[in-house]
Amino acid sequence: MKNTKLWNAAAMVGDDLLAEAENYTPVKRNRPVRRFAALAVAAVMAVSCLGWAAKEWIFAPGVGLADGEILTRVNVYTNENQIPLGKIHLEAVTFTEHKTDPAENRLIFWVFRSPVHEMGGGAMDPEGKGWLEGDSFTAEVNGVPYRSAGSGYSTAGWGCYTFRPVEDQPVPEPVGENCVITVSYEEPDMTVDPVQVILTPANPAEAEQTMVTGKAALTLLPLSDNLVIGNFDYAEWLPLVETARNTSTHAAFKTITNDGTEGFAFGSLNLCGIQTDYDCVRAANDFYNRGIREMDLYLLNVSMAFHGETGTYTFPLMEIGQTHVPERDVYLLDIGGFTCRLVSVARDEKGLQYETEYRYNGRDAHVNPTYIELNEYSVGPIDYWNGQMHIVNAEAPRNIMNGENSTLVYFTGEETDHVMEVGEEVTVYLQNMMFTYGESYHTEGAKPLAEVTFD
11 MKNTKLWNAA AMVGDDLLAE AENYTPVKRN RPVRRFAALA VAAVMAVSCL
61 GWAAKEWIFA PGVGLADGEI LTRVNVYTNE NQIPLGKIHL EAVTFTEHKT
111 DPAENRLIFW VFRSPVHEMG GGAMDPEGKG WLEGDSFTAE VNGVPYRSAG
161 SGYSTAGWGC YTFRPVEDQP VPEPVGENCV ITVSYEEPDM TVDPVQVILT
211 PANPAEAEQT MVTGKAALTL LPLSDNLVIG NFDYAEWLPL VETARNTSTH
261 AAFKTITNDG TEGFAFGSLN LCGIQTDYDC VRAANDFYNR GIREMDLYLL
311 NVSMAFHGET GTYTFPLMEI GQTHVPERDV YLLDIGGFTC RLVSVARDEK
361 GLQYETEYRY NGRDAHVNPT YIELNEYSVG PIDYWNGQMH IVNAEAPRNI
411 MNGENSTLVY FTGEETDHVM EVGEEVTVYL QNMMFTYGES YHTEGAKPLA
461 EVTFD
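So the mapping is simple: this note's numbering equals the position in the sequence shown, first residue as 1, plus 10.
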């Protein structure tokens, strides 16, 4: 593991965070440096001031930031050296091998493309290669092909790519002592030779944690000279994160380089130690290899997607122009301090319109609920072929769509969709929610949530 001088937060960034970078003018200033130690080999330590015992942790792709005891169930291999690959740099590669279920193996690698090699002038080019998509790359582990399973990419800057075993091929053999990764990709205007990367076993180790509040903590782990894996832990949110089928946490940092220049780092953090399929990095490109000595966390944008099991409400479909009001309080979400109460449902020519009351009922003033989206389905028959088997299911949940002449319809597998009648049951559930934690440092009087300094 190297002593890192640059932190670029790990993952994709929303448009709102990118807009800050576009409107920012770098400045220089001098300020005292406070030491923050982060010692690890592809590992992270989540130490809580709430009385938890200190433990050694490790970053395992597909698992996230896990207690070092995870190594009794998986092997983790890593390489943190910059490797040229065409017009990009392969920044770091990490691989998780499941000892009892190789089908769950995960390979993650990060790449960086300099702005001088930006693809498509920042937009989709005529040949459809405006950025490095997941299928632009191929990857093998000890000669066994793996498939693309998710990616975060851009026309320039950072990209992150996840690979999993191919389902219709034999289960991969154990890696053993030698783990060789072969990575190749297509560049529109040049031939790129594949590269082989030798990975070595990663060891769990300790990393210090900065407390944001009495209940929230930020942990950062340098994975390479330009890449850090981070975790934001908030015990109150853990049931919410475990309930969501997918969570994305975008972070915005103000940074100070070694020469005092102020800049940006953006990316996603693991939330409560839980990782989605991939972490990808997109940071301000001007500060690549500049040696950032300080990072101040200002803002988190958290978005979550849910299954219908989180909370549902069923009501009869109304005539156009009618409104349905529940006879009792209906909460589609009531967990982690967040509530979403369904107030009413109105039907107009465009479909079903929901009135909701979305609130955060906790005591942390940093939290601001911003957005919710509801979805609906109806239980009805579906008739379809699944491979060689013909299936008829009269109790299948079907997503409702807008049809012609203000009708509501759902797909049945037949030539025509089912047109819903007044009185048919509709079930509504919370599909997506967003909230922010902290505020943009462009906001007057904004203060950082946490300050981390690398020596």
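For glycine and all other residues, C-beta sits at the position ideal for the given N, C-alpha and C.
Keep in mind that this is a model prediction, so the values were computed, not measured.
Please identify the residue among the options whose C-alpha is closest to the C-alpha of residue i.
i, options, result
"Asn241", "Ser194, Leu117, Leu231", "Leu231"
"Tyr5", "Met328, Thr422, Pro458", "Because the chain in this structure spans residues 11 to 465, residue 5 falls outside the shown range and cannot be described."
"Ile284", "Thr259, Phe147, Pro198, Glu79", "Thr259"
"Trp168", "His400, Val429, Val121, Pro155", "Val121"
"Glu114", "Pro182, Glu150, Gly186", "Pro182"
"Tyr156", "Pro112, His400, Gly433", "Pro112"
"Pro336", "Ile345, Glu329, Gly273, Arg351", "Arg351"
"Val251", "Ala456, Met444, Gly448", "Met444"
"Ala275", "Asp374, Ile302, Glu177, Ile345", "Ile302"
"Trp395", "Glu424, Gly318, Arg357", "Glu424"
"Asp374", "Thr446, Thr271, Asp358", "Thr446"
"Arg83", "Ser416, His108, Asn268, Lys264", "His108"
"Thr320", "Asn256, Val312, Ala262", "Asn256"
"Gly186", "Phe105, Gly331, Pro125, Glu246", "Phe105"
"Tyr368", "Val355, Leu362, Tyr341", "Tyr341"
"Ser194", "Ile266, Ser146, Glu272", "Ser146"
"Pro71", "Glu272, Val355, Leu233", "Leu233"
"Thr148", "Thr253, Asp178, Pro180, Asp203", "Asp203"
"Gly318", "Asn385, Thr426, Thr417", "Asn385"
"Asn415", "Gly270, Gln363, Val429", "Val429"
Could you check the C-alpha separation between residue i and residue j for me, to the nearest Å?
i, j, result
"Leu281", "Ser450", "20 Å"
"Asn441", "Leu310", "The residue asked about is misnamed: residue 441 is Gln in this sequence, not Asn. Looking at the two C-alpha atoms, the distance is approximately 20 Å."
"Lys360", "Pro326", "17 Å"
"Ile68", "Leu95", "27 Å"
"Met314", "Leu343", "12 Å"
"Glu365", "Val353", "5 Å"
"Val205", "Pro379", "45 Å"
"Gly413", "Ile239", "46 Å"
"Asn85", "Pro175", "16 Å"
"Pro184", "Glu435", "51 Å"
"Val190", "Val207", "6 Å"
"Gln92", "Asn299", "11 Å"
"Thr333", "Gly390", "23 Å"
"Tyr420", "Ile382", "23 Å"
"Tyr244", "Asp393", "45 Å"
"Tyr34", "Leu81", "Bear in mind that a pLDDT of 39 at Tyr34, under 50, signals an unreliable position, so the number given afterwards is only what the model happens to contain. Rounded to whole angstroms, Tyr34 to Leu81 spans 43 Å at the Cα level."
"Leu228", "Asp306", "11 Å"
"Val222", "Glu461", "9 Å"
"Ala159", "Ser278", "18 Å"
"Thr201", "Ile118", "23 Å"
"Asp199", "Thr165", "15 Å"
"Arg338", "Gly455", "42 Å"
"Arg408", "Tyr387", "5 Å"
"Asn13", "Thr463", "Reliability of the predicted coordinates at Asn13 is poor, the pLDDT of 29 falling under 50, and the value obtained from them is presented with this limitation in mind. Whole-angstrom Cα-Cα distance: 13 Å."
"Leu237", "Gly224", "28 Å"
"Asn268", "Trp247", "35 Å"
"Ile5", "Val432", "Residue 5 falls outside the range modelled here, since the chain spans only 11 to 465, and no answer is possible."
"Phe297", "Arg357", "51 Å"
"Phe173", "Arg116", "6 Å"
"Tyr439", "Glu304", "43 Å"
"Met411", "Gly153", "45 Å"
Bridge partners of residue i, per DSSP?
i, result
"Met399", "Asn396"
"Asp243", "Ala227"
"Cys189", "Leu209"
"Lys264", "Phe274, Asp306"
"Glu107", "Asn85"
"Met221", "Ala227"
"Met200", "Glu197"
"Gly167", "Arg123"
"Met466", "Residue 466 is absent from the model: the chain starts at 11 and stops at 465."
"Val151", "Val154, Ile191"
"Phe173", "Leu117, Ser158"
Closer than 6 Å by C-beta to residue i: which residues in its own chain qualify, once you throw out the five before and the five after it? Chain order, please.
i, result
"Leu60", "With a pLDDT of 31 at Leu60, under the threshold of 50, the modelled position of this residue cannot be trusted, and the question is left open."
"His452", "none"
"His376", "Tyr447, Gly448"
"Val312", "Thr259, Phe445"
Short of 7 Å in beta carbon distance, which residues of its chain neighbour residue i, apart from the five on each side in sequence? Order them along the chain.
i, result
"Ile98", "Val121, Phe122, Arg123"
"Gly74", "Asn280, Gly283, Ile284, Gln285"
"Asn371", "Gly347, Thr349"
"Glu197", "Gly96, Lys97"
"Leu209", "Tyr87, Thr88, Asn89, Val103, Phe105, Cys189, Ile191"
"Ile345", "Pro249, Leu250, Thr253"
"Trp62", "Residue confidence for Trp62 is low, a pLDDT of 32 falling below 50, so the modelled location carries little weight; the figure read from the coordinates is stated next. Closer than 7 Å at the Cβ level, and outside the excluded window around Trp62, lies no residue."
Once you ignore the five residues that flank residue i on each side, which residues in its own chain have a CB closer than 8 Å to its CB?
i, result
"Val126", "none"
Output yes if chain D places a C-beta closer than 9 Å to the C-beta of residue i; else output no.
i, result
"Met221", "In the displayed structure, chain D is absent; only one protein chain is listed."
Worksheet entry | Start-end ranges of the beta strand (DSSP E) lying completely within the region 59-96, minimum 3 residues | If we require 3 residues or more, the beta strand (DSSP E) runs fully inside the region 59-96 come out as 67-70, 74-77, 84-89, 93-95.
Worksheet entry | Sequence ranges, beta strand (DSSP E) only - wholly within the region 432-463, length at least 3 | 435-448, 460-463
Worksheet item: Can you list, in chain order, the stretches of the alpha helix (DSSP H) that have 4 or more residues and sit fully within the region 308-359?
Response: Counting only runs of 4 or more, we get nothing.
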